[in-house]
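Enquirer: Here it is: the structure, laid out below.
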């Protein structure tokens, strides 16, 4: 067994830590530089929760002298894409208002920006990568091309990405695992991901781990494909097993691992899906990036190409230094050029500073209004859509010929109570996967450099992945180049339970509990967790959290990935009868566009949903 967990470490922190510095804003309103709690921050969710939890909303609204061709609720990827597709189809004179409850646009694609001694550093606060455009629909691929993100530029991104950065899918880059012990973390730095898939020398990697000898032997046999762990089953029985038993139960029952070892094999699943091996079948986990596909005998080896396809996907990931925030910024600048008139496309998007005052100008045909939470959407007897919203405590109403709801599916039944019960049930079915993404500005990168890898899996810690922020020299951005430079450490936390959950709780129940957990966790709690974990990991390399940490941004994402359906809990519906398909039906002059409506947590799915919704409203 491991020597302990992070909470068992000697408390090297004082009861009071120095306050995290907040760099001064280099101008007027500029949300990317804000530190502390971001994502679902205070002021962004209270109005929506009052509506969805208690049915509370204002009774009187100021009717604005504003009538739009289209109002879009939600300024995430799908909402921005909807505005783009609508203007493309209806012409440049089309008027569009985009509303969003947050103080920044982009939805999950958030930008975290830090400044020190004239140097700008950025990192991702949510959605992070661009996969190969070969998997995009024609409409989604054209949108990407319209904002300059064609294959030529993506290849340029490849060439501009540091080859030692594991976060961006460089599978051969040094990556490691960090396991807590009584005197700080055991740190392995090499090619941990490759070892988990049985690469050359993986036995030595396993032997170095602080695990009992028999656990090491089991991992070596499992990762090396040295035996068929389902050999007693026929081919059809094996297939049924792969699609009906959880990955973690397989690890315990068939591989023989201790429950305390299982989290080591769950960290990669958590990062990629936000779920654990308790939520996914063996087949779902293996096809989603978990290790062990070669340990299923003939069936496993015959389908090992699926694991290879997963690795190929990893290798084809491209990432801006601020994740998909730059994609959102490119879309916004395309829609409202005055926010950054100097931007010519992706070549200088990352370094650009946006003028948020230009987002919502009466002279704009397309306007983006932040800090505005929709509370009611209905089509009146004249065929006009009335949209009620609350802007920083002030209830307002605008009119539109059409409306596209690009917000969370779960909120829509409360916005449109006049919908049928069947449609509302379809919209309410899925539960989004929560995450917390933290970015920590540190004085320099010396300690992290000495650790020997750019990314560590931390299966027993609050933040299960710890990495360098993307050091990609693209978009006019110059990243830190050496250990003496200041740097940003990226950390990811999934609140899903690593221990075997109560069998009475479905995955959707667990996701609800996980979401509640992160809503109830204060920034100060996350700060303590971050300081303690980094000190235990990096203290052996000279890191001192009191003096080395200069700023912390915590991006709380309670409503994260779209619910994908899981075999352990969800039936197989006939085509057109899945909850998301019923839920996304056009509702008169109101259509629905978001990744929830596609049941796929990918940016191109959000684009496809927007294209469908615009097509419905312009038919």
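Residue numbers (the working numbering): 18 to 636. Where is the CB? At the ideal position from N, CA and C, for every residue including glycine. All figures in this text were calculated on a predicted structure; none of them were measured in a lab.
(1) DSSP on residue 64, reduced to helix/strand/coil?
(2) Between 561, 418, 493, 474, which lies nearest to residue 461 when the distance is taken from Cα to Cα?
(3) How would you call residue 378, buried or exposed, if buried means at least 16 neighbouring beta carbons within 10 angstroms?
(4) Return helix, strand or coil for residue 535, following the three-state DSSP convention.
(5) I believe residue 638 touches residue 334 by the beta-carbon criterion, under 8 Å. Please report the beta-carbon distance rounded to the nearest angstrom.
(6) Considering only the alpha carbon of each residue, which of 463, 510, 415, 472 lies closest to residue 450?
(7) Taking only the alpha-carbon atoms, compute the straight-line gap between residue 191 and residue 549 and give it to the nearest angstrom.
(8) Please report the distance separating the alpha-carbon of residue 384 from that of residue 397.
(9) Fully enclosed by the region 321 to 395, which beta strand (DSSP E) runs are 3 residues long or longer?
(10) Quick check: what's the CA-CA separation for residue 557 versus residue 201?
(11) Applying the criterion that 16 or more other CB atoms from any shown protein chain within 10 Å of the CB defines a buried residue, is residue 84 buried or exposed?
(12) Using C-beta distances below 6 Å, list every residue in its chain close to residue 605, excluding the 5 sequence neighbours before and after it, in chain order.
(13) Evaluate the contact criterion for the region 608 to 625 versus the region 140 to 152: three or more CB pairs, one atom per stretch, below 8 Å.
(14) Count the other CB atoms within 10 Å of the CB of residue 68; is the residue buried (16 or more) or exposed (fewer)?
(15) With burial defined as no fewer than 16 other Cβ atoms inside 10 Å of the residue's Cβ, what is the status of residue 134: buried or exposed?
(16) Cα-Cα, which of 242, 252, 262, 305 is closest to residue 312?
(17) Hey, residue 382 and residue 356 are a contact pair by Cβ (cut 8 Å); roughly how many whole angstroms apart?
(18) Here's a check: name, in chain order, each residue in its chain whose Cβ is nearer than 7 Å to the Cβ of residue 441, leaving out the five neighbours to either side.
(19) Classify residue 42 as helix, strand or coil using the three-state DSSP reduction.
(20) Under a three-way DSSP split, which group does residue 119 fall into?
(21) Assign residue 44 to one of two classes, buried (16 or more other C-beta atoms within 10 Å of its C-beta) or exposed (fewer than that).
(22) Which term fits residue 62, buried or exposed, when burial requires 16 or more other beta carbons within 10 angstroms of its beta carbon?
(23) Please classify residue 172 as buried or exposed, where buried requires at least 16 other C-beta atoms within 10 Å of its C-beta.
(24) Go to residue 570, then tell me how far its beta strand (DSSP E) extends in each direction, as first and last residue.
(25) For a minimum of 3 consecutive residues, which ranges assigned as the beta strand (DSSP E) are wholly contained in the region 423 to 505?
(26) To which residues of the same chain is residue 75 closer than 6 Å at the C-beta, ignoring the five residues directly before and after it?
(27) Going by DSSP in three states, residue 210 sits in which element: helix, strand or coil?
(28) Following the continuous beta strand (DSSP E) through residue 80, name the residue where it begins and the one where it ends.
(29) Exposed or buried, what is residue 600 when buried is set at 16 or more other beta-carbons lying within 10 Å of its beta-carbon?
(30) What does the alpha-carbon distance come out to for the pair residue 232 and residue 425?
(31) What is the C-beta distance between residue 340 and residue 80, in whole angstroms, given that I count them as a contact (C-beta under 8 Å)?
Expert: Concretely, from the data shown:
(1) helix
(2) Comparing Cα positions, the closest option is 561.
(3) Here residue 378 is exposed. Its C-beta has fewer than 16 other C-beta atoms within 10 Å.
(4) helix
(5) With the chain represented from 18 up to 636, any question about residue 638 goes unanswered, as that position is not in the structure.
(6) Sorting 463, 510, 415, 472 by C-alpha distance to the C-alpha of residue 450 places 510 at the top.
(7) Taking the straight line joining both Cα atoms gives about 24 Å.
(8) 23 Å
(9) 383 to 386
(10) 8 Å
(11) exposed
(12) 396
(13) Between the region 608 to 625 and the region 140 to 152, the count of C-beta pairs closer than 8 Å reaches three or more; the two stretches touch.
(14) buried
(15) exposed
(16) 242
(17) Actually they are not in contact, since the Cβ atoms of residue 382 and residue 356 sit about 14 Å apart, beyond 8 Å.
(18) 430
(19) With a pLDDT of only 35 at residue 42, under the threshold of 50, the placement of this residue in the model should not be trusted; the figure read from the coordinates follows. Correct three-state label for residue 42: coil.
(20) coil
(21) Only weak support exists for where residue 44 lies, its pLDDT of 48 falling under 50; the value from the coordinates is given anyway. It is exposed - the Cβ of residue 44 has fewer than 16 other Cβ atoms within 10 Å.
(22) buried
(23) exposed
(24) 566 to 578
(25) Whole beta strand (DSSP E) segments, 3+ residues: 450 to 459, 472 to 474, 482 to 485.
(26) 412
(27) Helix, per DSSP.
(28) 79 to 90
(29) buried
(30) C-alpha separation (whole angstroms): 43 Å.
(31) The Cβ separation is near 39 Å, so there is no contact.
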